[in-house]
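Asker: Below you'll find the structure I mean.
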Amino acid sequence: MRTSAEPQSRYEYPAHWEADVVLRDGGTARIRPITVDDADRLVHFYEQVSDESKYYRFFAPYPRLSAKDVHRFTHHDFVDRVGLAATVGGEFIATVRYDRIGAGGAPASGPSDEAEVAFLVQDAHQGRGVASALLEHIAAVARERGIRRFAAEVLPANNKMIKVFTDAGYTQKRSFEDGVVRLELDLEPTDRALAVQYAREQRAEARSVQRLLAPGSVAVIGVGRAPGGVGRSVLANIRDAGYEGPLYAVNKAFPEDLAEVDGVAAYRSVRDVDGPVDLAVVAVPAEYVPAVVAECGEHGVQGLVVLSAGYAESGPEGRERQRALVQQARAYGMRIIGPNAFGVINTAADVRLNASLAPEMPRPGRIGMFAQSGAIGIALLSRLHRRGGGVTGTTGVSTFVSAGNRADVSGNDVLQYWYEDPDTDVVLMYLETIGNPRKFTRLARRTAAAKPLVVVQGTGTAPQGHAVRATRLPHATVSALLRQAGVIRVDTITELVDAGLLLARQPLPAGPRVAILGNSESLGVLTYDRCLAEGLRPARPLDLTTGATPEDFHRALSAALADDTNDSVVVTAIPAIGEASPGDAELAEALRSAAAGVPGKPVLVVHVELGGLAEALSAAASTAPAAVRAAGVERAPGTERALGAGGGAQPFRPAERLSGPAERPPTTEADGAPASETPRLIPAYPAAERAVRALAEAVRYGQWRREAAEPGRVPEYEDIDEKGAAWLIGELLERGEGLTISDAQTCELLAKYGIQVRRALPAPTPDDAVAAARALGYPVALKATAPHLRHRADLGGVRLDLADEEQLRRAYAELSELFGKPEELRPVVQGMAPRGVDTVVRTVIDPAAGAVLSFGLAGAASQLLDDTAHRLIPVTDREATSLVRAIRTAPLLFGWRGSTPVDTPALEELLLRVSRLVDDHPEVVAVTLEPVVVAPHGANVLGATVRLAPPPARDDHGPRTMPAY
52 MRTSAEPQSR
62 YEYPAHWEAD
72 VVLRDGGTAR
82 IRPITVDDAD
92 RLVHFYEQVS
102 DESKYYRFFA
112 PYPRLSAKDV
122 HRFTHHDFVD
132 RVGLAATVGG
142 EFIATVRYDR
152 IGAGGAPASG
162 PSDEAEVAFL
172 VQDAHQGRGV
182 ASALLEHIAA
192 VARERGIRRF
202 AAEVLPANNK
212 MIKVFTDAGY
222 TQKRSFEDGV
232 VRLELDLEPT
242 DRALAVQYAR
252 EQRAEARSVQ
262 RLLAPGSVAV
272 IGVGRAPGGV
282 GRSVLANIRD
292 AGYEGPLYAV
302 NKAFPEDLAE
312 VDGVAAYRSV
322 RDVDGPVDLA
332 VVAVPAEYVP
342 AVVAECGEHG
352 VQGLVVLSAG
362 YAESGPEGRE
372 RQRALVQQAR
382 AYGMRIIGPN
392 AFGVINTAAD
402 VRLNASLAPE
412 MPRPGRIGMF
422 AQSGAIGIAL
432 LSRLHRRGGG
442 VTGTTGVSTF
452 VSAGNRADVS
462 GNDVLQYWYE
472 DPDTDVVLMY
482 LETIGNPRKF
492 TRLARRTAAA
502 KPLVVVQGTG
512 TAPQGHAVRA
522 TRLPHATVSA
532 LLRQAGVIRV
542 DTITELVDAG
552 LLLARQPLPA
562 GPRVAILGNS
572 ESLGVLTYDR
582 CLAEGLRPAR
592 PLDLTTGATP
602 EDFHRALSAA
612 LADDTNDSVV
622 VTAIPAIGEA
632 SPGDAELAEA
642 LRSAAAGVPG
652 KPVLVVHVEL
662 GGLAEALSAA
672 ASTAPAAVRA
682 AGVERAPGTE
692 RALGAGGGAQ
702 PFRPAERLSG
712 PAERPPTTEA
722 DGAPASETPR
732 LIPAYPAAER
742 AVRALAEAVR
752 YGQWRREAAE
762 PGRVPEYEDI
772 DEKGAAWLIG
782 ELLERGEGLT
792 ISDAQTCELL
802 AKYGIQVRRA
812 LPAPTPDDAV
822 AAARALGYPV
832 ALKATAPHLR
842 HRADLGGVRL
852 DLADEEQLRR
862 AYAELSELFG
872 KPEELRPVVQ
882 GMAPRGVDTV
892 VRTVIDPAAG
902 AVLSFGLAGA
912 ASQLLDDTAH
922 RLIPVTDREA
932 TSLVRAIRTA
942 PLLFGWRGST
952 PVDTPALEEL
962 LLRVSRLVDD
972 HPEVVAVTLE
982 PVVVAPHGAN
992 VLGATVRLAP
1002 PPARDDHGPR
1012 TMPAY
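Start counting the sequence shown at 52; every next residue gets the next number (my numbering).
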């Protein structure tokens, strides 16, 4: 046992243990190691703890810490004795420590793998989830230091601490002796522990965003004394939107006797406000922001929306200023939207917050919108307003966030909020960058299983203000991974809104079968062609002729919806001329009432220059002319509300004209059926290609939802030797930091996962080639493996089906004559594999996205066309099946043009085994199997390379942390 006279640490200060975390109530705290400099903080912290909490910690009255106690609790070696503290505002709010113990509980050093752990949480911060977060972090530290079990002794009355341990999800044992509950926790992460961690992360991050979007009180800091300016404009926007909570105007330059600004209470500092301030909107020059943040933190403000510019978007100096801003805000437990943000909007009737630069409040609705830049945010709001108030009805916004440089709150945080937000049915996101693709795909998969998520993804060039971790994956690969997670990937803002409006208003189609009807044959044919181009299965268009009446439309649409061979209907309409032509309101009512009769199938309208029809589709059904009823078009019960679409571009209408009953479109259910109590809105599109593209995305998403209901499994194979592979990897890594292992080592490692590589023998001379062929047995292949010739059969560096020694020697001479000396060719001899389709299987560990499995056909054509499919590891059996079929050249595997189908089940098993290898051993950072010849019976691996390295940080599977800044 070491004495207190020993040095502070056996290791340097472990800065990588420092982390910011979001707590259960949405606030933040910083977790860091306790050092000798923390003696005064520890004493002050202990003074704030109640006598009851002290008793629970020490099992006896313990009013104060002795000098010996303070020394013990602040002097750690960061190996056998470790202490962590959770801090807010630089002060301790909770501590945790472990001491390594041996047999009988005596202090010990390695190789003992057990430690005793104890917590102490300040009473004012109990119930915020601080202890749970500390347990995650101290467990990760312990595993890093070779500790595999925690032991804790807790008094039976200390129910809160017992619950912290029992709810953590670790495998545990519990016993009771000598009046104390003894708990033993196995620190090996389990699926349940990871699920608990993710659930806590979701609740905490959602709550942190909710505090920003639904504050009980708001202060705008930087309100100008004269009209105009950012601060004064935002103050007016909040007031005019109808925000009913306390609102304050703040500017240190206000005269001391100024009481109000535009009817809003005015103060020189947020500290002067008599009452809590939940949200501060900061609109002061960047150089004054630190002082404002300090005042907000001291007053207990919960969150900030920083509109101020001059941060990372302005260059290196601004980036440092941005880093300091985040660190300062987190020190006070505050979260930040921004800096350089456009603002936030919440249209809920009990909130009505427009803390943004948008001059008018958007219509209330069921769509959540996220953008990073202000320009994109303006474009999204404007586009949805024009479509929402014109072409396609009155669908509006539930909440809107424009995060600017997203130095703190990101799309991931907002996605956590929308996942459980009952007021949001569809999520639209414009992401210029994805800072953590691995976490985003995990959150997106969960969200997409409950509600549609439509994303425009940037091309990969990060704006200057965005701090994102580097990714080696091409843009197309990240897009493919997003689609795998259920994300509806579109390319433009127009497509984003088109798809969002359809998904917000209509049920999901049950399949790709589309009925087309309308009064224009040419428009119907155009729609038909676009359906084919998008992979849908359209029926022959039904031409109602230009003389069609509303009754004709009603009858045709009703019949199409009732037909079990149709999954959706596209109605095409052009203007008609003549006294007998239908009016726009009559046609709109006819379509709406027909659609209401069969609510389980989506209906879309393609119109050409029909501003009146668009307006009618957004009008209340009760205003339909009596002529419609006289024509025999009946209304379904309860359909008095708006069903559809309106006209072209219009300016924002005043907020008071937009106020009224909040529109609540049907919720998209898992089976595609809408909520029965709410009438549907029919989206209308000015072009066939836009309508069909939106429908095709809905069809693909519906298919993903049905498949996600049965997600598949990661198979267990009895012949896998996981421990043997781990031992071999450890032995190989001892020889270097990162290495590509030899062919023999590669074959040995892959064999432990049931992956056999066809043997290849080096042939540095013709005689060696003959000897190799005799050992392998004829027929054989002769291959050049030099880097410039490897896997390039098109260059002529391979000779196949060599049946005897004469053919082999002749082939050897030809290769030497064509490409040079044997030492330049590096020839090998390999036994012939059955003929089949040549494929390639690869894995890579990306620092941002994690482990990715890729598959494609071998050859230059596939490389030129980038015909490769990707899946995140671990891959399930269903994902392996879809991966094989995802490439454009997949028909070659299934008997294209009369060829023999190959053994795709064997190929899928190979993919699953490779996925297991990489998932079980993160040290395997790259695998390439090329070529893999898939024959009618079996899949043969002819070449393989494996690269090993110390495992990369897997922070999405470690303890909860906010992105480091």
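Just so you know, even glycine gets a beta-carbon here, dropped at the ideal spot from N, CA and C.
Which residues does DSSP list as the beta-bridge partners of Asn405?
Answerer: Ile396
Asker: For the alpha helix (DSSP H) that Leu638 lies in, which residues bound it at each end?
Answerer: 635–648
Asker: Exposed or buried, what is Lys872 when buried is set at 16 or more other beta-carbons lying within 10 Å of its beta-carbon?
Answerer: With fewer than 16 other Cβ atoms within 10 Å, it is exposed.
Asker: With respect to the beta strand (DSSP E) encompassing Ile144, which residues constitute its N-terminal and C-terminal limits?
Answerer: It spans 142–152 - the beta strand (DSSP E) in which Ile144 sits, taken as one unbroken run.
Asker: Taking its Cβ as the centre, do 16 or more other Cβ atoms sit within 10 Å of Asp917, making it buried, or is it exposed?
Answerer: exposed
Asker: Would you identify the three-state DSSP class for Gly369, choosing helix, strand or coil?
Answerer: helix
Asker: Along the chain, which unbroken stretches of the alpha helix (DSSP H) at least 4 residues long are found entirely within the region 769–798?
Answerer: 773–784
Asker: In the structure shown, what three-state DSSP assignment does Arg861 receive?
Answerer: helix
Asker: Answer with buried or exposed for Leu245, where buried requires no fewer than 16 other C-beta atoms within 10 angstroms of its C-beta.
Answerer: exposed
Asker: Just tell me which of Val903, Thr927, Val953, Arg929 has its CA closest to the CA of Ala920.
Answerer: Selected option, being the one with the closest Cα: Val903.
Asker: Is Gly847 helix, strand or coil when you go by DSSP?
Answerer: Coil, per DSSP.
Asker: Tell me which same chain residues have a C-beta within less than 6 Å of the C-beta of Val895, skipping the five on either side of it?
Answerer: Val903, Ala977
Asker: Would you check if the distance between the CB atom of Val356 and the CB atom of Leu263 is smaller than 8 Å?
Answerer: yes
Asker: What alpha helix (DSSP H) runs, 4 residues minimum, are completely inside the region 204–238?
Answerer: 210–217
Asker: Distance, Cα to Cα, Ala937 vs Thr951?
Answerer: 20 Å
Asker: Between Gly180, Leu642, Ala636, Gly361, which lies nearest to Ser609 when the distance is taken from Cα to Cα?
Answerer: Leu642
Asker: From what residue to what residue does the beta strand (DSSP E) around Ser453 run?
Answerer: For Ser453, the enclosing beta strand (DSSP E) begins and ends at 448–453.
Asker: Using DSSP with H/G/I as helix, E/B as strand and the rest coil, what is Tyr249?
Answerer: Tyr249: helix per DSSP, three-state reduction.
Asker: Going straight from the alpha carbon of Pro367 to that of Gly389, what length do you get?
Answerer: The straight-line gap from Cα to Cα measures roughly 17 Å.
Asker: Mind pulling the beta strand (DSSP E) runs of 3 or more residues that sit fully within the region 241–317?
Answerer: 269–272, 298–301
Asker: How do the region 408–428 and the region 472–490 stand: do at least 3 beta-carbon pairs fall below 8 Å, yes or no?
Answerer: yes
Asker: Start and end of the alpha helix (DSSP H) containing Ser104?
Answerer: 102–109
Asker: Where do the N-terminal and C-terminal ends of the alpha helix (DSSP H) with His127 fall, by residue?
Answerer: Per DSSP, His127 belongs to no alpha helix (DSSP H) and is neither H nor E.
Asker: Contact between the region 77–84 and the region 378–385: three or more CB pairs below 8 Å?
Answerer: yes
Asker: State buried or exposed for Gly141, treating a residue as buried only when at least 16 other CB atoms are found within 10 Å of its CB.
Answerer: exposed
Asker: Looking only at its chain, what residues have a beta carbon closer than 7 Å to the beta carbon of Ala823, apart from the 5 residues adjacent to it on each side?
Answerer: Leu812, Ala814, Val880
Asker: Taking the CB atoms as reference points, tell me whether Thr791 and Val808 lie closer together than 8 Å.
Answerer: no
Asker: For Asp323, does the count of other Cβ atoms within 10 angstroms reach 16, so buried, or fall short, so exposed?
Answerer: exposed
Asker: DSSP state of Ile567, grouped into three classes?
Answerer: strand
Asker: So who's on the other strand from Thr919, going by DSSP bridges?
Answerer: Gly907
Asker: Under 8 Å by Cβ, that's how I've got Tyr804 and Leu968 pegged, so tell me the actual separation to the nearest angstrom.
Answerer: 5 Å
Asker: So Thr528 is in the alpha helix (DSSP H); what residue range does that whole segment cover?
Answerer: In the DSSP assignment, Thr528 falls within the unbroken alpha helix (DSSP H) covering 526–535.
Asker: DSSP on Ala623, reduced to helix/strand/coil?
Answerer: First, the residue type needs correcting, since residue 623 is Thr and not Ala in the sequence shown. Strand.
Asker: Let me confirm a value: Asp131 is counted as buried when at least 16 other C-beta atoms fall within 10 Å, else exposed. Which label applies?
Answerer: Label assigned to Asp131: buried.
Asker: Do Ser433 and Glu483 count as a contact pair if the criterion is CB distance below 8 Å?
Answerer: No, these two residues do not count as a Cβ contact at 8 Å.
Asker: So, under 8 Å CB-CB, Ala193 and Tyr249 are touching, yes? Tell me the CB distance rounded to an integer number of Å.
Answerer: Contact doesn't hold; Cβ gap of about 21 Å is too wide.
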